[in-house]
Amino acid sequence: MAEAAALLLPGEAEALVQALRSGSLLNTGDHGWLRQHEAIEKLNMQAILSASASQEQLLIELLVNYAKIPTLIEELISVEIWKHKVFPVLCQLKDFKPKSTFPIYLVLHHEASIVNLLETMFFHKEICESAEDTILDLIDYSYRKLTLLAAWSTNGEFPTHEKLLPEDLTNASSMQVPVIRDRIVRENSGKWQAIAKHQVKHMFSPSEDELKHLACRWARTYNLDVMEALVPEKPKCGLCGSEATKRCSRCQNEWYCKRECQVQHWQKHKKACNLMADALKKIKEDLKVQP
Ligand SMILES: [Zn+2]
Ligand SMILES: [Zn+2]
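Numbering (UniProt numbering), first residue to last: 1 to 291.
Below is the structure:
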């Protein structure tokens with residue numbers, strides 16, 4: 001890619017970075033949380049687009065100047081704790097009968113979005129330095145994940161949390177120990193059930209209208225052009241498999257290298273195309289209803 005595809009204008013990126021903050025575990029999934037999730041998702045996409053054109057200087061400056069790397073690390077650990085402490089309790093609650101599990105999925109996906117953003121940005125020295133002491137918390141987090149992976153690949157058992165001790169790190173004698181996880185667990189200890197109950201009632205039982213509103217916001221965040229720029233491989237022709245540049249204009253879902261291939265493929269593609277085109281039409285109509 002010669003030029004970075006822009007998803008965010010510099011001013012937009014700055015506003016999103018500036019607004020990042022660490023919220024409480026109790027508010028996971030509420031409106032403010034959703035706004036922040038959307039912001040992180042946009043910054044994440046922008047980071048990938050910029051990095052593939054080696055133009056991530058602006059994002060580096062923003063994250064360093066506003067000192068938001070520690071905020072992102074704290075947010076990452078908070079969602080990890082939610083997943084292990086609140087989510088299992090929440091699923092067992094009697095009144096957990098959501099019309100859609102999409103809002104829950106967003107919380108689970110949140111962890112991946114933050115990891116992805118950090119992974120792209122930690123390529124740069126200034127970003128690593130700006131993590132300051134929270135770098136230990138991030139190493140501790142990574143260590144937990146690796147322990148999990150290792151356990152799964154050997155005996156499929158779920159290991160208990162092992163903490164990374166300072167002596168495990170080389171040259172760590174003057175370093176502090178990770179503190180974020182312990183602090184959040186301590187603050188919420190004994191409240192997991194209450195948090196789960198509150199969240200089922202106020203955040204994870206969306207009405208039809210709320211779901212529609214959410215879907216519209218997401219359709220805007222994940223627009224097709226940006227998504228395509230994020231995928232490294234070029235699309236392939238639905239008939240012959242060679243590199244494709246033309247998309248079926250009806251369903252936007254199948255690619256072709258030339259007109260002949262599309263014509264030949266039509267009998268096979270017709271059924272799927274009709275289904276997709278109908279769904280697309282419905283989404284567009286719903287979008288029009290929303291302001
Ligand atoms: Zn073809
Ligand atoms: Zn089609």
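Glycine is no exception: its CB is placed at the ideal position from the N, C-alpha and C atoms.
For clarity, every value in this text was computed on a predicted model and none was experimentally measured.
Checklist entry - Is there at least one non-hydrogen atom of ligand 2 closer than 7 angstroms to the beta-carbon of Met203? => result no
Checklist entry - For Trp255, which residues does DSSP report across the bridge? => result Arg247
Checklist entry - What separation, rounded to the nearest whole angstrom, lies between the Cα atoms of Pro98 and His31? => result 17 angstroms
Item to check | Extent of the continuous alpha helix (DSSP H) to which Cys128 belongs | outcome: Lys125 to Ser130
Checklist entry - Under the criterion of a Cβ to heavy atom distance below 7 angstroms, does Lys234 qualify as lining ligand 3? => result Ligands present in the displayed structure are limited to ligand 1 and ligand 2, and ligand 3 is not among them.
Checklist entry - Would His37 pass as a contact of Leu106 if the rule is Cβ separation under 8 angstroms? => result yes
Item to check | Spatially closest choice to Lys83 from Tyr143, Ala112 and Tyr222, by CA coordinates | outcome: Ala112
Checklist entry - Is Trp218 buried or exposed, if buried means 16 or more other CB atoms sit within 10 Å of its CB? => result exposed
Checklist entry - Name the DSSP beta bridge partners of Lys236, please? => result Glu243
Checklist entry - Got a sec: does ligand 2 put a non-hydrogen atom nearer than 7 angstroms to the Cβ of Arg186? => result no
Checklist entry - So what does DSSP say about Tyr222, is it helix, strand or coil? => result coil
Checklist entry - Regarding Lys268 and ligand 1, is the C-beta to nearest heavy atom distance less than 7 angstroms? => result no
Next on the checklist: Any heavy atom of ligand 2 closer than 7 angstroms to the beta-carbon of Cys261?
Outcome noted: no
Checklist entry - Going by Cα to Cα distance, which pick from Lys125, His202, Leu275 and Glu119 is closest to Phe96? => result His202
Checklist entry - In its own chain, which residues sit with a C-beta less than 8 angstroms from the C-beta of His124, not counting the 5 before and 5 after it? => result Glu56 and Ile60
Next on the checklist: Applying the 10 Å Cβ sphere with the 16-neighbour rule, what's the burial state of Ala2?
Outcome noted: With a pLDDT of 41 at Ala2, under the threshold of 50, the modelled position of this residue cannot be trusted, and the question is left open.
Checklist entry - Hey, quick one: how far does the alpha helix (DSSP H) through Asp30 stretch, first residue to last? => result Taken as a continuous stretch (DSSP letters only), Asp30 belongs to no alpha helix (DSSP H), as it is neither H nor E.
Checklist entry - Is Leu148 helix, strand or coil by DSSP? => result helix
Checklist entry - By Cβ distance below 8 angstroms, which residues in the same chain neighbour Val86 in space, the five residues on each side in sequence not counted? => result Leu25, Thr28, Trp192, Ile195, Ala196 and Gln199
Item to check | Buried/exposed call for Tyr222, threshold 16 Cβ in 10 Å | outcome: exposed
Checklist entry - Given that a residue counts as buried once 16 or more other Cβ atoms are within 10 Å of its Cβ, and exposed if not, what is Gly190? => result exposed
Checklist entry - Taking the alpha carbon of Thr71 as the point to measure from, which residue in Leu117, Ala277, Glu260 and Lys281 has its own alpha carbon closest? => result Leu117
Checklist entry - Do the segment 130-140 and the segment 65-80 touch if we need at least three Cβ pairs shorter than 8 angstroms? => result yes
Next on the checklist: What would DSSP say about Gln55, mapped onto helix, strand or coil?
Outcome noted: coil
Checklist entry - How big is the Cα-Cα spacing for Val17 and Ile114? => result 13 angstroms
Next on the checklist: Closest to residue 293 by C-alpha separation, out of Pro88, Met276 and Lys270, would be which residue?
Outcome noted: The chain is shown from 1 up to 291; residue 293 falls before or after that span and cannot be answered.
Next on the checklist: Using a 10 Å radius around the Cβ and a threshold of 16 neighbouring Cβ atoms, would you call Met227 buried or exposed?
Outcome noted: exposed
Item to check | Inter-residue spacing [alpha-carbon to alpha-carbon] between Glu243 and Glu233 | outcome: 9 angstroms
Checklist entry - Which residue from Trp33, Leu63, Gly23 and Ser22 puts its Cα closest to that of Ala13? => result Leu63
Next on the checklist: Less than 8 angstroms between the beta carbons of Leu76 and Tyr141, yes or no?
Outcome noted: yes
Checklist entry - Between the Cα of Cys216 and the Cα atoms of Glu80, Asn65 and Glu285, which residue gives the shortest distance? => result Glu285
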